[in-house]
Amino acid sequence: MTQHSSAPATGTAPAVRTDASGAPAGWWRDAVIYQVYPRSFADGNGDGMGDLAGVRARLPYLADLGVDAVWLSPFYASPQADAGYDVADYRAIDPMFGDLHDADALIRDAHELGLRIIVDLVPNHSSDQHEWFQRALREGPGSPLRDRYHFRPGRGPKGEEPPNDWESIFGGPAWTRTENPDGTPGEWYLHLFAPEQPDFNWENEAVRDEFRSVLRFWLDMGVDGFRIDVAHGLVKAAGLPDMGRAGQLKLLGNQVLPFFDQDGVHEIYRSWRRILDEYPGERIGVAEAWTPSPERTALYLRADELHQAFNFHYLNTAWNAEALREVIDQSLDSMRPVGAPTTWVLSNHDVVRHRTRLGGGLARARAASLLMLALPGSAYVYQGEELGLPEVADLPDEVRQDPSFFKDNGQDGLRDGCRVPIPWTRAGSSHGFGSGGSWLPQPGQWAELSVEEQTGDPTSTLELYRSALAVRREHPALGAGESVQWLEDFPAGVLAFRRRAADGSGRDLICTANTTDRPVELSAAPGRALLASGEYEGGAIPADTTVWWEV
Ligand code: BGC
């Protein structure tokens with residue numbers, strides 16, 4: 416069989432499940448959430464840069480793909496020092512992306528198509544062009560506005576040393592020295608990321624009030640949730656104590672740091688949850704939280720905090736049956752006590768695309784995707800992974816825009832290679848991305864990976880995703896759930912589990928992922944093959960291939 420299935424037709428608006436009162440019931444527990452990187456999705460005005468009009472025009476594609484929600488990376492007014500993760504005005508759209516009317520129209524159209532909209536909120540830091548920071552600079556030391564950020568005198572006889580030894584995630588010290596209004600060297604300010612991204616001081620009530628107000632602004636605009644950037648970073652240890660060592664990036668995600676995963680962050684999310692719950696329709700908060708363990712991530716998802724968190728432990732796992740089984744178990748086990756859905760993610764705008772990262776080319780990427788979509792909980796799809804796009808590793812240095820590179824955290828290299836505008840058509844300027852070229856050059860291979868090329872081809876990756884999402888929507892054993900039943904009776908290197916039908920129909924599903932680089936013979940087919948990520952015709956499961964079976 417090819418990857419095709421007897422799945423229901425796609426293209427219809429997703430059915431919204433309701434509880435007894437007619438209210439939607441936990442839509443986010445099994446949602447497939449598609450990440451749009453607005454710069455690189457679709458360009459409506461032909462300036463070479465993606466925008467909201469472009470996204471809006473392509474919403475039918477996303478509805479047809481069969482996802483439940485769309486998360487948009489930041490589109491706010493920003494000098495773009497970190498591709499929009501440096502926000503100058505949290506209530507305005509950057510002109511390069513459009514305006515508030517475009518945002519309103521996009522949200523409305525999405526809802527009509529049955530898609531929910533999640534926006535990115537960046538509360539750890541603002542842009543250095545944010546009005547508060549600019550005024551704080553202008554007013555000089557002693558200004559109450561400086562307390563909204565972390566300004567400190569330097570150490571050393573002339574204050575020429577940074578106030579502590581913290582390092583920026585983007586490299587170098589996490590502090591930059593300011594100039595006083597009279598031109599003399601002044602205080603330093605903290606920035607865990609680029610110097611253009613000063614960290615807010617979350618001990619300051621004005622900061623807390625402001626973000627509660629920003630939440631309400633976007634909730635009133637109709638958004639269905641927030642992806643919370645650097646959710647683990649808002650609170651810093653009292654007194655900003657030295658780390659006492661260099662090479663701090665090595666510790667990221669491995670231990671609680673004086674600037675990451677401090678317990679004080681949870682109180683903030685409890686207050687946000689109260690706001691989210693004031694609005695109808697289950698508005699959600701999704702934590703981007705780099706923590707030392709799934710158990711610490713689960714703390715963000717207690718019943719009175721956020722709804723979901725990205726599972727970076729899963730993203731960082733190699734294509735290896737034992738390692739995958741371990742991380743899947745650990746992920747499910749750690750979410751169970753807090754009752755939150757586990758999430759699964761393979762790619763995003765910060766990491767090497769999984770087709771390249773997993774090291775096995777397209778076949779392995781497809782197998783990994785089909786495995787992910789069979790797991791209990793909610794899944795994230797990064798734009799272009801449904802086309803099987805690889806990382807663009809050979810961008811010339813002069814076109815790169817990423818200010819940073821993450822070191823030693825499984826995220827080697829610059830991040831532009833996963834941000835290249837996606838191909839819609841075989842030919843044309845920027846393969847249909849827009850009429851005016853694209854801000855990062857697309858490789859030649861983009862033609863054959865385009866939406867146009869893949870649509871209707873039953874062997875294409877796009878049609879694999881469409882089929883998988885359609886089966887997932889319809890099948891009683893897929894989607895939400897708290898556990899998998901591992902099946903031991905399979906050859907080494909084959910990850911096999913069973914999921915029980917939630918509706919008592921007995922239509923269980925078995926997922927088998929052959930993670931090895933050779934075909935594996937099964938003693939007997941475990942059921943009726945529903946969908947396969949590669950050419951499965953009965954007999955051996957090909958190398959790097961996942962098969963879904965109905966039992
Ligand atoms: C975002 C990055 C960004 C950083 C600073 C991250 O977690 O995903 O793209 O550079 O936060 O805002």
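According to my numbering, the sequence shown is numbered sequentially starting from 416.
All C-beta atoms in this analysis are idealised placements derived from N, C-alpha and C, irrespective of residue type, glycine included.
- Taking one beta carbon from each stretch, the segment 697 to 712 and the segment 638 to 655 have 3 or more pairs nearer than 8 Å; the two touch.
- Taken from the Cβ of Glu611, every heavy atom of the ligand BGC lies 7 Å or farther away.
- With at least 16 other beta carbons inside 10 angstroms of its own, Asp466 counts as buried.
- Pro709 is positioned such that its CB atom lies no closer than 8 Å to that of Asp676.
- Taking Tyr880 as the centre and dropping the five residues before and after it, the same chain places the C-beta of Glu801 closer than 6 Å to its C-beta, in chain order.
- For Val537, the distance from the CB to the nearest heavy atom of the ligand BGC is below 7 Å.
- Bounds of the beta strand (DSSP E) holding Phe641 are Gly640 to Ile643.
- In the three-state reduction of the DSSP assignment, Phe548 falls in the helix class.
- Per DSSP, the unbroken alpha helix (DSSP H) holding Phe626 starts and ends at Glu620 to Met636.
- Under DSSP, Gln900 shares a beta bridge with Arg913.
- Of the heavy atoms belonging to the ligand BGC, at least one sits nearer than 7 Å to the Cβ of Glu703.
- With a cutoff of 7 Å, Tyr500 counts as near the ligand BGC, since its C-beta is closer than that to a heavy atom of the ligand.
- Nearest to Ala621 by C-alpha distance, out of Leu946, Glu867 and Trp547, is Trp547.
- Excluding sequence positions up to five before and after Gly775, its CB lies within less than 7 Å of the CB of Trp734 and Asp959, all in the same chain and listed in chain order.
- The Cβ neighbour count for Pro818, taken over all protein chains shown within 10 Å, is at least 16; the residue is labelled buried.
- Relative to the ligand BGC, Val807 has its C-beta separated by 7 Å or more from all heavy atoms.
- For Gly557, same chain residues with a beta-carbon under 6 Å away, outside a window of 5 residues either side, do not exist.
- The closest CA to that of Val886, considering only Arg623, Arg922 and Leu810, is found on Arg922.
- Taking one beta carbon from each stretch, the segment 833 to 847 and the segment 912 to 921 have fewer than 3 pairs nearer than 8 Å; the two do not touch.
- Boundaries for Ala503: no beta strand (DSSP E) harbours it, and the DSSP string shows neither H nor E there.
- Within the model, the alpha-carbon separation for Thr732 versus His545 is close to 38 Å.
- Shown here for Pro673: same chain residues with a beta carbon closer than 6 Å to its own, the five before and five after excluded, namely Ala652 and Pro656 in chain order.
- Inclusion of Leu649 and Val629 in the CB contact set at 8 Å is not warranted, their separation being larger than that value.
- Shown here, Pro791 sits in coil according to DSSP, grouped into three states, outside any helix or strand.
- For Thr876 against Ala928, the beta-carbon gap comes to about 16 Å, at or over 8 Å, which does not count as contact.
- Boundaries of the beta strand (DSSP E) harbouring Ile448: Val447 to Val451, taken from the DSSP string.
- For the ligand BGC, no non-hydrogen atom lies closer than 7 Å to the CB of Asp744.
- A straight-line Cα-Cα distance of about 16 Å links Arg473 and Gly463.
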